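In the working numbering, the protein residues as written are 47 to 162. Working notes, structure below.
Next comes the structure, spelled out in structure tokens:
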């Protein structure tokens, strides 16, 4: 199967999960295409100062691969880490996280959520 750029589903969420600003998603694969293996495979984009609020993954896990920009992620224990292009973050089933764009440019990353 081939999906052309104009065929990809695009979505904008404002103040997503209690975050600030908005997140724009371009979906490569949605839940229906994933044949029961996951629910999200997309490029996510946060403008400077925007964030996705803290949330816990139950029944699934999430990976981030940073494409460009600078992110600050917060983990369950409150620890904060900075991520830049080429960095990967893994949030296992039962754990939580938040992400914020702390850079001066747009933050773009691949997000993948698979069922555990």
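All C-beta atoms, glycine included, are put in the ideal place defined by N, C-alpha and C. Please read all numbers here as calculations on a predicted model, not as lab measurements.
Requested in this report: With residue 69 as the anchor, note down where its beta strand (DSSP E) starts and where it stops.
Outcome: Stepping through the chain shown from its first residue, residue 69 is reached at position 23. Unbroken beta strand (DSSP E) run through residue 69: 68-76.
Requested in this report: Please go through the same chain and pick out, in chain order, the residues whose beta-carbon is closer than 6 Å to the beta-carbon of residue 85, but skip the five residues on each side of it.
Outcome: Counting from 1 along the chain shown, the entry for residue 85 is found at position 39. So the list reads 77 and 159, once near-sequence residues are dropped.
Query raised in the report: Distance, Cα to Cα, residue 75 vs residue 103?
Result: Numbered from its first residue, the chain shown carries residue 75 at position 29. Numbered from its first residue, the chain shown carries residue 103 at position 57. Distance between the alpha carbons of residue 75 and residue 103 is about 19 Å.
Query raised in the report: So what does DSSP say about residue 61, is it helix, strand or coil?
Result: Working through the chain shown from its first residue, we reach residue 61 at position 15. Coil, per DSSP.
**Report entry** Which of helix, strand or coil DSSP assigns to residue 53
**Finding:** Along the chain shown, read from residue 1 onward, the residue named residue 53 stands at position 7. Residue 53: helix per DSSP, three-state reduction.
Query raised in the report: Skipping 5 residues on each side, what residues in its chain have a beta carbon closer than 6 Å to that of residue 108?
Result: The residue you call residue 108 lines up with position 62 of the chain shown. Only 137 and 159 meet the Cβ criterion.
Requested in this report: Kindly list the residues whose CB is nearer than 6 Å to the CB of residue 116, restricted to its own chain and excluding five residues on each side of it in sequence; keep chain order.
Outcome: As a first step, residue 116 must be located in the chain shown, where it is residue number 70. Answer for residue 116: 130, 148 and 149, listed in chain order.
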